[in-house]
Amino acid sequence: MAPQFSLAYLTIPGCTPPEQTYIAGRAGYDFVSLRPIYMGLPGEPNFALAENKEMLQQTKRALADTGVKLLDIELARIYDGVDPKRYLPAMEVAAELGGRHVLSSIWTSDRNFYIEKFAEVCDLAKPFGLTVELEYVPIASVNNLAGALDVLNTIKRDNAGLMIDIHHFHRARNKPEELDAVPREWFRFVHLCDAPEEIPTEKEEMTRILREARLYVGEEGGIDVTGIVNRMPEVPYSIELPNLKRMKEMGCAEYAFRCIEAAKKYLAAHPRG
Numbered sequence: 001m002a003p004q005f006s007l008a009y010l011t012i013p014g015c016t017p018p019e020q021t022y023i024a025g026r027a028g029y030d031f032v033s034l035r036p037i038y039m040g041l042p043g044e045p046n047f048a049l050a051e052n053k054e055m056l057q058q059t060k061r062a063l064a065d066t067g068v069k070l071l072d073i074e075l076a077r078i079y080d081g082v083d084p085k086r087y088l089p090a091m092e093v094a095a096e097l098g099g100r101h102v103l104s105s106i107w108t109s110d111r112n113f114y115i116e117k118f119a120e121v122c123d124l125a126k127p128f129g130l131t132v133e134l135e136y137v138p139i140a141s142v143n144n145l146a147g148a149l150d151v152l153n154t155i156k157r158d159n160a161g162l163m164i165d166i167h168h169f170h171r172a173r174n175k176p177e178e179l180d181a182v183p184r185e186w187f188r189f190v191h192l193c194d195a196p197e198e199i200p201t202e203k204e205e206m207t208r209i210l211r212e213a214r215l216y217v218g219e220e221g222g223i224d225v226t227g228i229v230n231r232m233p234e235v236p237y238s239i240e241l242p243n244l245k246r247m248k249e250m251g252c253a254e255y256a257f258r259c260i261e262a263a264k265k266y267l268a269a270h271p272r273g
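In this text, residue positions in the sequence shown follow full-length UniProt numbering: the first is 1, and each later residue adds one.
1. State the CB to CB distance for the pair Ala172 and Asn153, rounded to an integer number of angstroms; the pair is presumed to be in contact (CB under 8 Å).
2. Quick check on this structure: which residue in Ala213, Glu120, Ser141, Met232 has the alpha carbon closest to the alpha carbon of Ile155?
3. May I have the straight-line CA-CA distance separating Glu133 from Thr66, to the nearest angstrom?
4. What's the call for Thr21, buried or exposed, on a 16-neighbour Cβ count within 10 Å?
5. Nearest to Phe128 by CA position, among Asn46, Glu92, Leu56, is which residue?
6. Answer yes or no: do Ala50 and Glu240 have a C-beta to C-beta separation smaller than 7 Å?
7. Check whether the region 22–34 touches the region 214–234, counting contact only when three or more Cβ pairs, one atom from each stretch, lie closer than 8 Å.
8. Would you report the Cα separation of Asp224 and Leu210, rounded to the nearest angstrom?
9. Assuming Ile164 is part of the beta strand (DSSP E), what are its boundary residues?
10. For Asn243, list the residues DSSP reports as bridge partners.
11. What is the C-beta distance between Glu205 and Pro242, in whole angstroms, given that I count them as a contact (C-beta under 8 Å)?
12. Would you decide whether Glu135 is buried or exposed? Buried here means 16 or more other CB atoms lie within 10 Å of its CB.
13. How big is the Cα-Cα spacing for Thr207 and Ile139?
14. Could you give the C-beta distance for Leu124 and Leu97, rounded to a whole number, given that I count them as a contact under 8 Å?
15. Ser141 and Leu71 look like a contact to me (Cβ under 8 Å); what is the Cβ gap, rounded to whole Å?
16. To the nearest angstrom, report how far apart Glu202 and Pro183 are at their CA atoms.
17. Per DSSP, Val190 forms a beta bridge with which residues?
18. Which complete alpha helix (DSSP H) runs does the region 38–101 hold, if anything under 4 residues is left out?
19. Name the DSSP beta bridge partners of Thr131, please?
20. With distances taken between CB atoms, is the gap from Leu179 to Ala263 smaller than 7 Å?
21. According to the neighbour-count rule (16 or more other Cβ atoms, all chains shown, within 10 Å of its Cβ), is Ser109 buried or exposed?
22. Beta-carbon within less than 6 Å of Glu74's beta-carbon, same chain only, minus the 5 sequence neighbours each way: which residues are those?
23. Which of the three DSSP states is assigned to Ala253 in this structure?
24. Rank Val137, Gly14, Asn112 by C-alpha distance to the C-alpha of Ile164 and give the top, closest one.
In structure tokens, the structure reads:
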């Protein structure tokens, strides 16, 4: 089966959902991964489609015009004091647009709290036919594979899964063979990128790279991309490859195209065993 690709929001941040969808279609992506949950980060535009009916209709039109499908929405963060019900409008939008998954990550150290709230996110998503994919992030509270598996094994929700980001997997010093113990059905898509092999020791530098300086797949070979993805079933590759310098130099459309072309070239040269 030919690999399928999604264009993740952070690859071309700032593009509206319809713009991102049209760019994905022209570049040859099968899916798009949107951010209709406003997080209030510095400089972040608000693309909360549930509150912007005109943009929602434009996004519907873009999906119909391009044939691109919505893979997932982000980001249902679990943080101190969060009320998961705040994500309901975005879940409704995701279902309306034909989406499949909700991406989540955990940013509080209170285990009892995050277990309860992540389970609640899963329960809220289920009536919409959505799964909730837990992504561990090296600068977050749940920051490695063991931590993510602890959550999933504790809540035991059939619509919960694990989303591996290649960058985060490497930065957490996880090993490909560790994925053998993960139930196959927990893998529904993966974030694809590359980065230098050396792992930053400072949180600020790690944050800078993961948010704005990732590399094309196979560019430096710092990450064992093949070794990681070959331990998982064939699932869509969501290209999350923020590199602000390159995006500004060549524009969002050209940059998105180069990202998918590099990934296709790498995967063709490294077929699944």
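Glycine included, C-beta positions come from ideal geometry on N, C-alpha and C.
A quick look at the data gives this:
1. Not quite, the Cβ-Cβ distance comes to about 18 Å (not below 8 Å), so this is no contact.
2. Relative to Ile155, the option among Ala213, Glu120, Ser141, Met232 whose CA is nearest is Glu120.
3. Approximately 26 Å, taken between the alpha carbons.
4. Label assigned to Thr21: buried.
5. Nearest Cα to Phe128 within the set Asn46, Glu92, Leu56: Glu92.
6. No. Outside cutoff.
7. Segments in contact, no.
8. Distance between the alpha carbons of Asp224 and Leu210 is about 17 Å.
9. Note, Ile164: beta strand (DSSP E), 160–165.
10. Looking at the DSSP output, Asn243 shares a beta bridge with Ala213.
11. That belief does not hold up - the Cβ atoms of Glu205 and Pro242 are roughly 15 Å apart, past 8 Å.
12. Per the 10 Å Cβ criterion, buried.
13. Using only the alpha carbons, I get a separation of about 7 Å.
14. Not confirmed; about 17 Å, so no contact.
15. Not confirmed; about 25 Å, so no contact.
16. Whole-angstrom Cα-Cα distance: 33 Å.
17. Note: Val190 is bridge-paired with Ile164, Tyr237 in the DSSP secondary-structure output.
18. Taken in chain order, the complete alpha helix (DSSP H) segments of 4 or more residues contained in the region 38–101 are 53–66, 88–96.
19. Paired residue(s): His101.
20. Not a contact, by the Cβ cut-off of 7 Å.
21. With a 10 Å radius around the Cβ and a threshold of 16 neighbouring Cβ atoms, Ser109 comes out exposed.
22. Cβ contact annotation for Glu74 (same chain, cutoff 6 Å, sequence separation greater than five): Arg35, Leu103, in chain order.
23. Residue state, collapsed to three classes: helix.
24. Closest option to Ile164, Cα to Cα, is Val137.
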